[in-house]
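Read through the structure below, which is laid out as structure tokens, and then see the notes.
Here it is as structure tokens:
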């Protein structure tokens with residue numbers, strides 16, 4: 113939790129510095145990496161909630177609420193088909209980074 117607090121302060125400082133989104137995203141990636149390194153249910157939930165709030169502040173998502181991304185309830189769009197290319201790219205990138 114100490115690392116979470118430190119990174120959260122650094123994100124706040126980056127956003128206060130003319131909305132330095134590059135540093136903000138880099139720090140968010142660092143925060144998520146810390147959560148992945150040492151699985152801790154409370155820490156993961158805190159990071160997920162903070163990330164969602166940050167995405168709302170940056171305009172990536174339009175609503176606050178529970179953990180997860182908002183979904184349209186009545187939609188003809190097949191979400192799996194839409195997301196699959198991005199998920200595959202993310203999986204490939206992650207695999208290259210790990211190797």
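Numbering (our numbering), first residue to last: 113 to 211. By construction, the Cβ of each residue, glycine as well, lies at the ideal position given by its N, Cα and C atoms.
Here residue 137 carries a helix assignment [DSSP, helix/strand/coil]. Taking the C-beta atoms as reference points, residue 173 is found no nearer than 8 Å to residue 159.
Rounded to whole angstroms, residue 122 and residue 170 show a C-alpha spacing of 16 Å. Between the C-alpha atoms of residue 168 and residue 162 there is a straight-line separation of about 10 Å.
For residue 126 and residue 156, the gap between their C-alpha atoms comes out near 22 Å. Taking 8 Å as the cut-off, the beta carbon of residue 146 is found closer than this to the beta carbon of residue 115. Just so you know, the alpha carbons of residue 164 and residue 209 end up roughly 24 Å apart.
Judged by DSSP in its simplified three-state form, residue 171 adopts coil rather than helix or strand.
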